[in-house]
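Chains as they are written, first to last, in our numbering: chain P, 960 to 1388; chain D, 960 to 1388.
Just so you know, even glycine gets a beta-carbon here, dropped at the ideal spot from N, CA and C.
Heads up: the structure comes next, in structure tokens.
There are 2 protein chains.
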Amino acid sequence: MDRSEIKLGILGYGVVGGGLYHILTTNADQVARRTGVPVVVAKVADIDWERPRKIQVPPALRTTDAYEVINDPQIDIVAETIGGTDPALEFVLAAIEAGKSVVTSNKEMMAKHGGEILAAAAAKGVDVQFEGSVCGTIPIIRALKESLEANRISQIIGIVNGTTNYILTKMTQEGREFAQVLQEAQQLGYAEADPSADIEGIDAANKIAILAAIAFGSHVPLELVYREGISKITPQDISYARQMGYVIKLLAIAKQADGKAELRVHPALLPAAHPLASVNGVFNAVFIRGDACDEVMLYGRGAGALPTGSAVAGDVIDCARNILHGTPGRVPCVCEGTLDVVPMDEVATRVYVRMKVADKPGVLGNIATIFGSQGVSIQSVIQESSSGDLAEIVWLMHKGRERNLRLALEAIGHLDIVEEITSVIRVED
Amino acid sequence: MDRSEIKLGILGYGVVGGGLYHILTTNADQVARRTGVPVVVAKVADIDWERPRKIQVPPALRTTDAYEVINDPQIDIVAETIGGTDPALEFVLAAIEAGKSVVTSNKEMMAKHGGEILAAAAAKGVDVQFEGSVCGTIPIIRALKESLEANRISQIIGIVNGTTNYILTKMTQEGREFAQVLQEAQQLGYAEADPSADIEGIDAANKIAILAAIAFGSHVPLELVYREGISKITPQDISYARQMGYVIKLLAIAKQADGKAELRVHPALLPAAHPLASVNGVFNAVFIRGDACDEVMLYGRGAGALPTGSAVAGDVIDCARNILHGTPGRVPCVCEGTLDVVPMDEVATRVYVRMKVADKPGVLGNIATIFGSQGVSIQSVIQESSSGDLAEIVWLMHKGRERNLRLALEAIGHLDIVEEITSVIRVED
Chain P
960 MDRSEIKLGI LGYGVVGGGL YHILTTNADQ VARRTGVPVV VAKVADIDWE
1010 RPRKIQVPPA LRTTDAYEVI NDPQIDIVAE TIGGTDPALE FVLAAIEAGK
1060 SVVTSNKEMM AKHGGEILAA AAAKGVDVQF EGSVCGTIPI IRALKESLEA
1110 NRISQIIGIV NGTTNYILTK MTQEGREFAQ VLQEAQQLGY AEADPSADIE
1160 GIDAANKIAI LAAIAFGSHV PLELVYREGI SKITPQDISY ARQMGYVIKL
1210 LAIAKQADGK AELRVHPALL PAAHPLASVN GVFNAVFIRG DACDEVMLYG
1260 RGAGALPTGS AVAGDVIDCA RNILHGTPGR VPCVCEGTLD VVPMDEVATR
1310 VYVRMKVADK PGVLGNIATI FGSQGVSIQS VIQESSSGDL AEIVWLMHKG
1360 RERNLRLALE AIGHLDIVEE ITSVIRVED
Chain D
960 MDRSEIKLGI LGYGVVGGGL YHILTTNADQ VARRTGVPVV VAKVADIDWE
1010 RPRKIQVPPA LRTTDAYEVI NDPQIDIVAE TIGGTDPALE FVLAAIEAGK
1060 SVVTSNKEMM AKHGGEILAA AAAKGVDVQF EGSVCGTIPI IRALKESLEA
1110 NRISQIIGIV NGTTNYILTK MTQEGREFAQ VLQEAQQLGY AEADPSADIE
1160 GIDAANKIAI LAAIAFGSHV PLELVYREGI SKITPQDISY ARQMGYVIKL
1210 LAIAKQADGK AELRVHPALL PAAHPLASVN GVFNAVFIRG DACDEVMLYG
1260 RGAGALPTGS AVAGDVIDCA RNILHGTPGR VPCVCEGTLD VVPMDEVATR
1310 VYVRMKVADK PGVLGNIATI FGSQGVSIQS VIQESSSGDL AEIVWLMHKG
1360 RERNLRLALE AIGHLDIVEE ITSVIRVED
């Protein structure tokens, strides 16, 4: 196709849209050279142009009507950087229907409606690319689809949410309480006023659902992702974990073996020597294990105007290359069927358990016996005298089914000698 | 193009060739699904089929004549996994001339002749892909060409040689001497009988030349890479570095600012908190800084049959997609001109200097004065009484030109009070 330029429309001029515009204009010469022709931002739609913004768009490019972008026959590629499903999904489907290639940074939309969107794109023969939807600048989606695709991936473990990683890092480095650090993160703009999507692991669940679909080549209904947040993590647990050679991180985990998959987001003790253990602050990283590549890890900023804009710009260039060569859909979605996910009760995990018990002889033995009766085997125990009549016991268990662990803990919780089961945190190796 | 399969020929059936064959046959169903059609290994050339190998190729596929692969009209893609330039370069140019796309894991050939090879490929309209030539399984080349390509990259710092990283890791963890650990690495097969390509940084120089060309979009003559190996590193230096909060790594560095570049391979003190500092053993990692992506790091195995085979297989699938869509050359080489590399004497670095001096008052001041006279400014000094009449001084300098540092050290080396300048190691932050 003989084209003198590629025209891009942007839907949603917030943080990521601004970053994308900045990159494509500031580095226009480099983008043109690497693409083959200039990539020109032709129109930008946002419902509110009064909001203060760091990066301005010339008034001539502005519109408040997304359909002015979607229906513009001059526009080749639409970048959706609105976020959420409504109205982003409608706009994206309309853009596909109008024959545009689409680039999006929208994790929620892709996690919930990725199958529908990619099917529509395949039917229409256009690209939908979404590198910016998972871990900002980190090229994890392209790595899975275009570099490691000959591997059978057995494991993806990610630190995919910067807000929670920032909070856990601060709690670890400064020995402070969750609520206090959360408040500070909100003041610094690292956490939202309503932080639940981050701290309850909803954001991370969206991301691991997207990565699992690509890595395992199956559709992944979001509700199959088990999810637990970080609000119960305490400095005491972080301190015990450190004594035992672990750090506590919010992990997004996807594993597959023999056609059965595990999908879960939860805080976990991770060995201090694990490559993910030193990923601190707002940084994200994804650790992959495949049958040929063995261990691979990709690390970078998971959010921010320019980092996420960098990923979106990379996708825009890729779509532009496909348009120039007449090959949109060159690397299609190849998902088949739905991932066979093991219910959490049946998953085998290791756990760390902390409890307050009566400080008298025989207590540890009584509790150990109940663990044993459920086949949950103990790896190590630390017992420390606490204040007054209570002692604190920290258990590290060998791998066992969640169901057995749950039944054991229910029985233990009913014992008179047990004051409180303070924490139950999984361990990943 | 309507094709029922893509045919691959392999030149050189050693470690990487074997890994590639294993992956493409073991994961043939997945490769077919992701490519669109099966990718079939049609012929494998090697001059010696008597060598013992872990992974066997059916006798019907074997040939001892590379030109049986190169000239086979049925073969679409040629994977060159011989290594070295002779005869690999001849074969690769012949394969391009025969209209094949080429995939190679050959860093030496790409570093020395990449420009010529890629120009030939462009003229012929075929792909040459070489992900396996740098850092084995790590998708660093695709990341630079197809994910981060909208960035202006200012810095690439890599641990790109597994042998030297293994040796330095062992020296660090066990406090042992270089020669002793090298010998052990040779016994374990991590170092070659002639280890000079690794320990003198030749291998790392090849790799950083390739990465710099892609990141900066310029041709990079290999001789512009300054190079220094690890054989002078001692457990004493590692120990002092640790006291000051650093680890010692062999780094491959490419930096660019205002059109001027630095290209160098040398051991360096790296802050313990740097993402590269915890990359240990035979693992490789590449740390990138770009104007939009900020910091990105990619980590994985830099060598081995399956890890490198994984990278080569990813490239084979990419070439296959291009052949199926009729778009070889979709992501071409865009290098222009030759990188403007600053001579090492003009580069500003920080250094760590260790010396043995007479143990008497005034010595430290004398030496500090000489540093000062060359404008080399001191950040910190540790002086320790050594055995007998000698003391040991360890200096950490602020950033200064290599030329000034060299002149200062020459003058200091001539002082009667200086017994020996034991070590001079650069510091990267």
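Around the C-beta of D:HIS1233, 16 or more other C-beta atoms lie within 10 Å, and the residue is accordingly described as buried. Not a single CB atom of chain P sits nearer than 7 Å to the CB of D:VAL1310.
Excluding residues up to 5 positions away in sequence, ARG1360, GLU1361, ARG1362 lie with their Cβ nearer than 8 Å to the Cβ of D:GLU1305 in the same chain. The beta carbon of P:GLY1204 does not come within 7 Å of any beta carbon belonging to chain D, so the residue lies off that interface. Looking at the backbone, the Cα of D:LEU1229 and that of D:ILE1384 are separated by about 11 Å. Shown here for P:ASP1196: same chain residues with a beta carbon closer than 7 Å to its own, the five before and five after excluded, namely ILE1207, ARG1313, SER1382, ILE1384 in chain order.
Distance between D:GLU1108 and D:LEU1323, taken at the CA atoms: about 49 Å. For D:CYS1252, the residues of chain P that pass the 7 Å Cβ criterion are THR1096, GLY1259, PRO1266, SER1269, in the order they occur in the chain. The CB of P:GLY1249 comes closer than 8 Å to the CB of SER1269 in chain D, given here in chain order. Scanning its chain for C-beta atoms nearer than 6 Å, with the 5 sequence neighbours on each side dropped, one finds around D:GLY1261 the residues CYS1094, GLY1095, GLY1121, ASN1243, in chain order. As for any beta strand (DSSP E) of minimum length 3 sitting wholly inside the region 1267 to 1323 of chain D, the runs are 1307 to 1317, ordered along the chain. At a cut-off of 7 Å between beta-carbon atoms, P:ILE982 makes contact with chain D. Short of 7 Å from the beta carbon of P:GLY1084, and not among the five residues preceding or following it, lie these beta carbons of its own chain, in chain order: PRO1287, GLY1288.
Listed as beta-bridge partners of P:GLU1009 by DSSP are no residues whatsoever.
Taking a contact to require three or more Cβ pairs closer than 8 Å, the region 1330 to 1340 of chain P and the region 1209 to 1226 of chain P do not qualify as touching. The alpha-carbon of P:VAL1140 is positioned some 6 Å away from that of P:ILE1126. Those residues of the region 1106 to 1121 of chain D placed with their C-beta closer than 9 Å to a C-beta in chain P are SER1106, LEU1107, GLU1108, ALA1109, ASN1110, ARG1111, ordered along the chain. Sixteen is the threshold: when 16 or more other Cβ atoms of the shown chains lie within 10 Å of the Cβ of D:ARG1280, as they do, the residue is buried.
Interface annotation, P:THR1286: in contact with chain D, CB-CB separation under 7 Å. Distance from P:MET1068 to P:VAL1087 at the Cβ level is roughly 10 Å; contact not present, criterion being Cβ atoms closer than 8 Å.
Residues ALA1025 of the same chain have their beta carbon placed closer than 8 Å to that of D:PRO1046, with the five preceding and five following residues left out of the count.
In the structure shown, D:PRO1226 falls within a strand segment according to DSSP collapsed to helix, strand and coil. The alpha helix (DSSP H) runs lying completely inside the region 1109 to 1133 of chain P and spanning 4 residues or more are 1121 to 1133, given in chain order.
Between P:TYR1205 and the set P:SER1237, P:TYR1185, P:THR1040, the nearest pair of CA atoms involves P:SER1237.
Apart from the 5 residues on each side of it in sequence, D:VAL999 sits with its Cβ closer than 6 Å to the Cβ of GLU964, LYS966 in its chain, given in chain order. Under the 7 Å criterion on CB atoms, D:ASN986 is classed as interfacial with respect to chain P. Within its own chain, the residues whose Cβ lies closer than 7 Å to the Cβ of P:THR1297, once the five positions on either side in sequence are excluded, are SER1177, HIS1178, PRO1180, listed in chain order. Distance between P:THR1193 and P:GLY1372, taken at the CA atoms: about 20 Å.
Taking CB atoms only, P:VAL1255 has a neighbour in chain D less than 7 Å away. For D:GLN1145, the three-state secondary structure derived from DSSP is helix. Fewer than three Cβ pairs drawn from the region 1142 to 1151 of chain P and the region 1006 to 1021 of chain D lie within less than 8 Å of each other, which leaves the two stretches out of contact. Relative to P:TYR1311, the option among P:SER1198, P:ALA1164, P:ARG1101 whose CA is nearest is P:SER1198. In this chain, D:GLN1195 is not harboured by any beta strand (DSSP E); it is covered by the alpha helix (DSSP H) spanning 1194 to 1202. The criterion of a C-beta distance shorter than 7 Å is satisfied by D:ALA1001 and D:GLY968. At a beta-carbon threshold of 8 Å, none of the residues of chain D lie near P:VAL975; the nearest stands roughly 12 Å away. Secondary structure of P:GLN989 (DSSP, three-state): helix.
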